[in-house]
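This report refers to the structure that appears directly beneath it.
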Amino acid sequence: MRITDAEILTCAAGTRYWSYLKISTDDGVTGWAEFTDGMLSAHGMAGVVRRLASFVLGEDPTCWRRIEQLLRSRTREAEDGLNRRAVGTVVNACLDVAARARGLSVAELLGGPLRREFRLYWSHCGLGRIRLAQAGLAEPLRSLDDVRQLGADVASAGFSALKTNLMTVGPDGARLQLSSWGGPGWPELEPDPRVVGGVCDVLDALGDGAGPGVELFIDVNHNVKGEGIARLADRFGEHGLDWFEIDSDEIAPLAHARSRRGPRIASGETYTGLRSFRRLFEAGAVDVPIVDVAWNGLPEALRVADLAHNFDLNVVPHNYGSHLLTYMSAQFAALVPNFAIFEIDVEGVPWRDEVVPPPDVVDGRLQLPSGPGWGAEVDEEALRRHPVEEG
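Mind the numbering: the sequence shown is residues 1 to 391 in full-length UniProt numbering, read in order.
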């Protein structure tokens, strides 16, 4: 079997879009991998994926370990960033082919699943509604009562945890407060007291609506730095927060925040490569490591999980894209003994289920798919019905 073609496909998804790599072989077996990225880096990411995929034309995709090392050697002088994410994308698509060629799921190809269902948390709770409202696809959240009802919806759907973002509710309804994107606190990334107070009100409303059986998480991304991380985690911890998720290239502030009696510290979703995570673990800087299967590639993600296991840490897959990424992340979660909880976006554009069939969710738990490869088929015609506008 040899790779004959590699194609990049994109699909509009409201205020963002999903990105995929499709590889074809001379045996007629096709493999897919999702590599959805942020809007500002998505075009660059697609270019790197396209270039690296061209290096494996004529290679045997079932020899995915060889392909991983071949691409790493091609990017040795600049192995991090988009290069590492692109390597992971190509390897993931090869794994899909290798498993499909044998009539196996990826988890079965790599030794068989340890578990077949996964506890979920409702991710981007509030942010998802804001995005859909901005795209004209949903009613906005106009008041804290709406936020309270959203919390109740989480509980009634059977979820035992939710994660929100830096969201406040004012006279114009709910809005994101992102200092790293020019909002209050930019450019110093210092927590703005008015924003912090508004986020605390949102946490209270979500907690009131969801009730005591639902854990509260928040993701603040890159919107605070340094000693402000511990300060913000402490403040939010006073409002029933179970975990505080933060992206930081500096590890010492994470370790400082973790040493205090606040919420658990979650981090790592933007990290790629075993070395990055090793520094995080050795510094005792994280309670909840978050591992991105798309950006690391499943083999490297499994290596990270193995390392975390040696530090008695349970991992969480970073799952922020279309349903295909959910299926890819499920294969990862099925293979690791130290799985904690699974991220999933409940709210999405109406055509999401047309592009990839929806995952099987029962009472807030994801069921492991039984199909070959990642366990789902991409409907290429449905994907192409929603092209991404240039510009």
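Heads up, the beta-carbon is just placed ideally off N, CA and C, and yes, glycines get one too. All values derive from a computational prediction rather than experimental measurement.
Proximity of residue i and residue j at Cβ, strictly below 7 Å
| i | j | result |
| --- | --- | --- |
| L368 | R116 | yes |
| S267 | V286 | yes |
| G240 | L216 | yes |
| V356 | W32 | no |
| L141 | A101 | no |
| W122 | V154 | yes |
| A233 | F244 | yes |
| A252 | Y327 | no |
| G14 | R129 | no |
| V220 | I246 | yes |
| A382 | E347 | no |
| F332 | L366 | no |
| A230 | A257 | yes |
| G321 | E34 | yes |
| I67 | E77 | no |
| A12 | I23 | no |
| I3 | L71 | no |
Backbone CA spacing between residue i and residue j [nearest angstrom]
| i | j | result |
| --- | --- | --- |
| P358 | S370 | 13 Å |
| R74 | P317 | 27 Å |
| E269 | P372 | 27 Å |
| N338 | V315 | 6 Å |
| T62 | G136 | 43 Å |
| R85 | L298 | 11 Å |
| V90 | L21 | 7 Å |
| F277 | R264 | 17 Å |
| G183 | Q177 | 6 Å |
| Q69 | G81 | 17 Å |
| W181 | V304 | 30 Å |
| S179 | D345 | 23 Å |
| T30 | I8 | 13 Å |
| R235 | W374 | 41 Å |
| A334 | A107 | 7 Å |
| G364 | R261 | 29 Å |
| P387 | N310 | 44 Å |
| R384 | W351 | 11 Å |
| residue 438 | S156 | Since the first and last residues shown for the chain are 1 and 391, residue 438 lies out of range. |
| A152 | S143 | 15 Å |
| C94 | G103 | 14 Å |
Integer-rounded CB distance, given that residue j should sit under 8 Å from residue i
| i | j | result |
| --- | --- | --- |
| V48 | N83 | 6 Å |
| F281 | L313 | 7 Å |
| M1 | T25 | 5 Å |
| A53 | Y17 | Their Cβ separation, rounded to whole angstroms, is 19 Å, which puts A53 and Y17 out of contact at 8 Å. |
| L203 | C125 | Not a contact, Cβ separation roughly 11 Å. |
| L325 | T36 | 7 Å |
| V214 | F159 | 7 Å |
| residue 394 | K225 | This structure does not reach residue 394, given that the chain is present from 1 up to 391, and the question cannot be answered. |
| L109 | A99 | 4 Å |
Proximity test, residue i beta-carbon vs the ligand NAD heavy atom, cut-off 6 Å
| i | result |
| --- | --- |
| V29 | For the structure depicted, the ligand NAD is absent and the ligand set is empty, with no information on it obtainable. |
_Tell me whether the segment 178-189 and the segment 146-157 touch, counting them as touching only if at least three CB pairs, one residue from each stretch, are closer than 8 Å._
no
*Is it true that the segment 199-210 meets the segment 156-172, where meeting means three or more beta-carbon pairs spaced less than 8 Å apart?*
yes
*Can you list, in chain order, the stretches of the beta strand (DSSP E) that have 3 or more residues and sit fully within the segment 173-235?*
173-176 and 215-219
_Whole runs of the alpha helix (DSSP H) within the segment 94-126, excluding any shorter than 4 residues_ = 106-109
*Complete runs of the alpha helix (DSSP H) confined to the segment 29-87 [at least 4 residues]*: 39-54 and 64-74
_Runs of 3 residues minimum, wholly inside the segment 247-331: which ones carry the beta strand (DSSP E) assignment?_
264-267 and 288-291
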